[in-house]
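Residue numbers (my numbering): 1059 to 1411.
Think of the CB as a built atom: it goes at the ideal place given N, C-alpha and C, for glycine as much as any other residue.
Since the structure comes first, as structure tokens, the remarks are kept for the end.
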Ligand code: FES
Ligand SMILES: [Fe+2]
């Protein structure tokens, strides 16, 4: 203990502990964009400390993702073009398939054995494109596949309106939100009447009831159910009313770590269409709702960009189960065989109501 720490201990002040962030990313499905974002025009996604080239095959129409730096001489494959289902490097035109295998070198008689790049498992579901990340490089876990959201497949609902926001912080800060009842009043102007959480396997849910100064009128109650399926894919269903109309909205608050100290939030909004409105008016309505939701959400960003990490928060009896959500979240940073059963056991916590 340093002299300064000793002095602080004597005066009974709390010393913030913040361990160095482990050099590892969470195991699970991560949203990298909407289905509309990927075409035969390759795209570069920065995540998991690297660059990933993502494209849609011209023939199979499937989304493919491989590490972007070409092992030949390092060009960025996402600046290349798609031919058939493969991507062609812009530098010397070597072709690569979605598994990361070199399939063609226009000027060689033999493809070198080492011509192989990391390929990423891709899932397209609910109008979103996901990548599976596992530090141990195991294939995806079947039970952890995101549930089908029937509303996205229904004509009665709009598609996602999406926005990406980069945050300069480790992504655990975002996950704390699930249990942090105390910040909804001061940061989001919500009046929380009921608040509880449920941990179950790879999912963590927040149930909340209350009013919201931006998103609902006056004292109209709003119910929100937010579910993390794995470490990074969170959807919220909100029911309330706006201008006298019943509203039901799905929000997407998914994130991908860019590095250990930055992450991208992919924020999306999907609404049930109002049948009395035209397609265009419905689109305007969802865009307006997206703007309001972002306005509310952005209030967290200002806090995250200026706070420090605290591993040992001083909590009070009115706080939500911050340590519970953090322990649940820690399972995604362990080898799959080492995850203790208690981190996945079904467990409820009622903070209010
Ligand atoms: S750097 Fe990609 S083919 Fe040469
Ligand atoms: Fe928040």
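For the candidate residues 1164, 1098, 1180 and 1103, whose alpha-carbon lies nearest to that of residue 1144? For the residues 1164, 1098, 1180 and 1103, the minimum Cα distance to residue 1144 belongs to 1098.
What residues in its chain sit with their C-beta under 8 Å from that of residue 1344, if we drop five residues either side in the sequence? The residues are 1216, 1219, 1327, 1328 and 1329.
- Identity of the residue in 1242, 1335, 1245 and 1293 nearest residue 1209 by Cα: Of the listed residues, the one whose Cα sits closest to residue 1209 is 1293.
* Asked: Does the beta carbon of residue 1220 sit closer than 9 Å to a beta carbon anywhere in chain C?
  -> Absent from the structure is chain C; it holds one protein chain and no more.
* Asked: Can you give the Cα-Cα distance for residue 1113 and residue 1212, rounded to whole angstroms?
  -> The alpha-carbon of residue 1113 is positioned some 26 Å away from that of residue 1212.
Straight-line gap, residue 1117 to residue 1159 (C-alpha atoms, nearest Å) = Answer to the nearest angstrom: the Cα atoms are 18 Å apart.
Exercise for review: Out of 1396, 1398, 1390 and 1375, state which residue places its alpha-carbon closest to the alpha-carbon of residue 1408.
Suggested key: It is 1375.
| message | Can you list, in chain order, the residues of its chain with a C-beta nearer than 6 Å to that of residue 1259? Leave out the 5 residues immediately preceding and following it. | response | So the list reads 1402, once near-sequence residues are dropped.
Are the beta-carbon atoms of residue 1238 and residue 1369 separated by less than 9 Å? Result no, Cβ atoms of residue 1238 and residue 1369 do not sit closer than 9 Å.
Exercise. Tell me where the beta strand (DSSP E) around residue 1326 begins and ends.
Key: Start and end: 1320 to 1329.
query = Ordered along the chain, which non-local residues of its own chain (more than five positions away) have a Cβ less than 6 Å from that of residue 1137?
reply = Here the set comprises 1148.
Checklist entry - Nearest to residue 1382 by CA position, among 1313, 1264 and 1331, is which residue? => result Among 1313, 1264 and 1331, the Cα nearest to that of residue 1382 belongs to 1264.
Among 1178, 1205 and 1325, which has the Cα closest to the Cα of residue 1413? No answer is possible for residue 1413: the residues shown for the chain start at 1059 and end at 1411.
Report task. Would you give the residue range spanned by the beta strand (DSSP E) that residue 1304 belongs to? Result -> Residue range 1303 to 1317 is occupied by the beta strand (DSSP E) that includes residue 1304.
- Item | Any non-hydrogen atom of ligand 1 closer than 8 Å to residue 1113 Cβ | Not under cutoff, so the answer is no.
Please indicate yes or no: does the CB of residue 1355 lie closer than 8 Å to some heavy atom of ligand 2?
-> Residue 1355 Cβ: within cutoff of ligand 2.
query = Quick one: is the Cβ of residue 1351 within less than 8 Å of any heavy atom of ligand 2?
reply = Checking every heavy atom of ligand 2 against the Cβ of residue 1351, none is found closer than 8 Å.
Worksheet item: Just reading off the beta strand (DSSP E) that residue 1253 is part of, what are its end residues?
Response: Run containing residue 1253: 1248 to 1258, per the beta strand (DSSP E) assignment.
### Residues that DSSP places opposite residue 1406 in a beta bridge
Answer is 1256.
* To do: Classify residue 1347 as buried or exposed, calling it buried when 16 or more other Cβ atoms lie within 10 Å of its own Cβ.
  => Flag for residue 1347 reads buried.
* Does the distance from the C-beta atom of residue 1090 to that of residue 1075 stay below 9 Å? -> Cβ atoms of residue 1090 and residue 1075: not closer than 9 Å.
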